[in-house]
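Below you'll find the structure, written out as structure tokens, and then a few comments.
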Amino acid sequence: MRLLEDKILKEGIPLSDSVLKVDSFINHQVDPTVMKEIGKVLADHYRDKGITKVFTIEASGIAPALCTAQELGVPLVILKKQTSKTLSSDVLQTNITSFTKGTSYELTLSRKYISPDDNILVIDDFLANGEAASGAAKLIEAGGGRVEGIAILIEKSFQKGRNRLNEAGYKVTSLARISHLAKGVIEFCEADI
Ligand code: G4P
Numbered sequence: 005m006r007l008l009e010d011k012i013l014k015e016g017i018p019l020s021d022s023v024l025k026v027d028s029f030i031n032h033q034v035d036p037t038v039m040k041e042i043g044k045v046l047a048d049h050y051r052d053k054g055i056t057k058v059f060t061i062e063a064s065g066i067a068p069a070l071c072t073a074q075e076l077g078v079p080l081v082i083l084k085k086q087t088s089k090t091l092s093s094d095v096l097q098t099n100i101t102s103f104t105k106g107t108s109y110e111l112t113l114s115r116k117y118i119s120p121d122d123n124i125l126v127i128d129d130f131l132a133n134g135e136a137a138s139g140a141a142k143l144i145e146a147g148g149g150r151v152e153g154i155a156i157l158i159e160k161s162f163q164k165g166r167n168r169l170n171e172a173g174y175k176v177t178s179l180a181r182i183s184h185l186a187k188g189v190i191e192f193c194e195a196d197i
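The numbering used here numbers the first residue of the sequence shown as 5 and each following residue consecutively.
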């Protein structure tokens, strides 16, 4: 997606050869115009796929996932990283370890929001090692749902996430694919849309 690649080139800051800072438009300050456009592009791509719900993982996936869900006219479900007191006890959980952040958490989904009739589009901001997306897919399937596809804003193609998800049978659609990252250098390979 040209608009997203241009935005990454203009505002993204490579912090190292594996981490890109995008907090001016994705994960701290959010650019609503870019998010709305992402929502339209993803909704167009998945419109005839019978998506019943969009799923994301809190927090940075919420903005693009909400825009996409709104375009598709389906609910958005936010997978939780922390169990809250208001969450019922009837939940599905899986442990996620983030290699980028060196943290781990219990990804949580209330059984109320997944059923065997569901055909789910998962959306997240970054794809690195695929831990979060694999965990999301695991919860969806544990609840009887089907994963139609996994859509990613920024895929770091030099990490193993995409291959891992493909090998597990999931279709990955990335709007921007970074092939090489170094201080001061961002290179893309061909995106899926
Ligand atoms: P994985 O799910 O693909 O295995 O990724 P990993 O565990 O390595 O990374 C998890 C967290 O790190 C995610 O944020 C993801 O967005 C973030 N992340 C990964 N690579 C980058 C990067 O190059 N730049 C930035 N800015 N973030 C990156 P999270 O813990 O889910 O946090 P949140 O921002 O969604 O709350």
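In this text, a Cβ means the ideal position worked out from N, Cα and C, and glycines have one as well.
Inter-residue CB distance, residue i and residue j (contact presumed, cutoff 8 Å)
i: Ile154; j: Leu169; result: 6 Å
i: Ala69; j: Ile127; result: 4 Å
i: Thr21; j: Phe29; result: Residue identity check: residue 21 is Asp in the sequence provided, not Thr. Their Cβ separation, rounded to whole angstroms, is 22 Å, which puts Asp21 and Phe29 out of contact at 8 Å.
i: Lys198; j: Ile17; result: This structure does not reach residue 198, given that the chain is present from 5 up to 197, and the question cannot be answered.
Backbone CA spacing between residue i and residue j [nearest angstrom]
i: Leu179; j: Val95; result: 32 Å
i: Asp129; j: Ile182; result: 13 Å
i: Asn133; j: Asn167; result: 9 Å
i: Pro120; j: Pro79; result: 16 Å
i: Thr90; j: Ser114; result: 11 Å
i: Thr60; j: Gly188; result: 30 Å
i: Ile197; j: Asp48; result: 10 Å
i: Val23; j: Leu185; result: 8 Å
i: Gly165; j: Asp122; result: 24 Å
i: Gln33; j: Ser93; result: 34 Å
Short Cβ contact (9 Å threshold) for residue i with residue j
i: Glu9; j: Leu46; result: no
i: Glu159; j: Val176; result: yes
i: Ala141; j: Tyr174; result: yes
i: Thr56; j: Lys84; result: no
i: Thr72; j: Ile118; result: no
i: Ile156; j: Ala172; result: no
Range covered by the alpha helix (DSSP H) that runs through residue i
i: Asp196; result: First-last for Asp196: undefined, no H or E at that position.
i: Gly153; result: First-last for Gly153: 150-160, but that is the beta strand (DSSP E), not the alpha helix (DSSP H).
i: Ile47; result: The sequence shown places Ala at residue 47, not Ile. From DSSP, the alpha helix (DSSP H) with Ala47 extends over 36-50.
i: Gln74; result: 66-76
i: Leu8; result: 6-15
i: Arg181; result: From DSSP, Arg181 is part of no alpha helix (DSSP H) but of the beta strand (DSSP E) over 176-186.
i: Leu198; result: Limits of the chain in this structure are 5 at one end and 197 at the other, which puts residue 198 out of reach.
Residue i, enclosing beta strand (DSSP E) - first and last residue
i: Glu135; result: Looking at the DSSP string, Glu135 is not in any beta strand (DSSP E); the run it does join, the alpha helix (DSSP H), is 135-146.
i: Asn99; result: 95-102
i: Lys57; result: 57-61
i: Ile82; result: 80-83
i: Leu113; result: 107-114
i: Phe130; result: 123-131
Proximity test, residue i beta-carbon vs ligand 2 heavy atom, cut-off 8 Å
i: Ile197; result: Inclusion of ligand 2 in the displayed structure is not the case, the ligand content consisting of ligand 1 alone.
Beta carbon proximity, residue i to chain B, threshold 9 Å
i: Val23; result: Given the protein chain composition of this structure (a single chain), no chain B is represented.
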